[in-house]
Amino acid sequence: MKLVATLATLIALSGICLLFIVIGGFGLQTLASNPSLTLHFSWNPKANEFGVLTMLVNSLTLSFSTLFVAFPLALGIACFLILPTKSKISKILQGYLSFLVRFMGSIPTVLYAFGALFLLIPLLRESFGGSGRNLLACICVLSLVILPTMILLLESGLKKPFLSQHLNGLALGMHDFETLLFVVIPKAKSVILGAFLLGLGRALGDTMIALMLSSNATILATSLFDPLRVLSAHIALITANESIGDAYNALFVSGFLLIVVNAILVLLARGILHKDSKLL
494 MKLVATLATL IALSGICLLF IVIGGFGLQT LASNPSLTLH FSWNPKANEF
544 GVLTMLVNSL TLSFSTLFVA FPLALGIACF LILPTKSKIS KILQGYLSFL
594 VRFMGSIPTV LYAFGALFLL IPLLRESFGG SGRNLLACIC VLSLVILPTM
644 ILLLESGLKK PFLSQHLNGL ALGMHDFETL LFVVIPKAKS VILGAFLLGL
694 GRALGDTMIA LMLSSNATIL ATSLFDPLRV LSAHIALITA NESIGDAYNA
744 LFVSGFLLIV VNAILVLLAR GILHKDSKLL
């Protein structure tokens, strides 16, 4: 078993390294040969403008806006699933909710987007005008997509510490919710931060939601009702139409920027956790 685990780890690491070398190599080569080609905010191939910074900012806007909505919901649902209850109704709700979360995690992203085209987009169009394909639509649907991942990680990460502190909390006269809120969660920063980063990475890398629900306009989204194009959707769109030239080369810069952003976020998180461990 150890040999199998070691081989699996080496294969996974080799794949990640190869991906980074290919995308990073071509991306850095494009940046080194002509930095002004892609590092600006205008994408207009007819005018030889291939800036990808607009899509990068839109990716960050969509991802953090989605986390702002989804993460509190994920933490609340995880706490509800963890807390013991004597009520039959609550137990039934916990069972159904646990099943629903796992079922949602198995649904392909394209089905979420396809369903939103017929359910959410017409509602937004009638309520706020415009096409209905905007930042708000992407946030609503992408929140549903990343919820199961964060809920399951939070539930598994918080449940064991809660069970170990449950009796201690009762001895101090604390309710179960108080034990979870004031004892378990403050000491579970690594679990919470891990769930946040996993959700953020899922949001940054998602393609189908933004591709199908955002109109893919290459402008900066400054309100919830603006159309937008994110890096992952941009890569999918251009790959379908280009195989050579500056537009195609700019895709490697897009992929490289996604890798760099994720790496920076992970390093920041590790730095925060390391600082907290020293303080403790």
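If you read the sequence shown in the working numbering, its first letter stands for residue 494, the second for the next number, and so on.
Yeah, the Cβ is synthetic: ideal placement off N, Cα and C, and Gly gets one too.
C572 and G517 have their C-alpha atoms spaced approximately 40 Å apart. By the criterion of a C-beta distance shorter than 7 Å, P577 is surrounded in its chain by D669, once the five residues flanking it on both sides are discounted. For F543, the three-state secondary structure derived from DSSP is strand. By the criterion of at least three beta-carbon pairs nearer than 8 Å, the region 634-651 is in contact with the region 592-605. The beta-carbon distance between S583 and L697, rounded to whole angstroms, is 35 Å. This is too long to meet the 8 Å contact definition. Among the bridge pairs identified by DSSP, N537 is matched with E542.
At the C-beta level, A762 and L656 stay beyond 8 Å of one another.
In the assembly as shown, M494 is an exposed residue. Its beta-carbon has fewer than 16 other beta-carbons within 10 Å. Under the DSSP assignment, S583 falls in the alpha helix (DSSP H) whose first and last residues are 581-598. About 14 Å separates the beta carbons of A729 and T711, which is beyond the 8 Å limit, so they are not a contact pair. Take the alpha-carbon of V603 and the one of L635: they are about 11 Å apart.
The continuous alpha helix (DSSP H) containing N661 extends over residues 628-664. Looking at the backbone, the Cα of L524 and that of L651 are separated by about 44 Å. In summary, P565 is exposed, with fewer than 16 beta-carbon neighbours lying within 10 Å of its beta-carbon over all protein chains present.
Close CB contacts of M705 within its chain, under the 6 Å cut and outside five residues either way in sequence, are with A606 (chain order).
Burial is judged here by how many other beta carbons sit within 10 angstroms of a residue's own beta carbon; E648 has at least 16 and is buried. Nearest to D739 by C-alpha distance, out of L511, V515, N541, S507, is N541. Where G518 is concerned, the enclosing alpha helix (DSSP H) starts and stops at 495-526. In this structure, DSSP gives S708 an extended state, which the three-state scheme calls strand.
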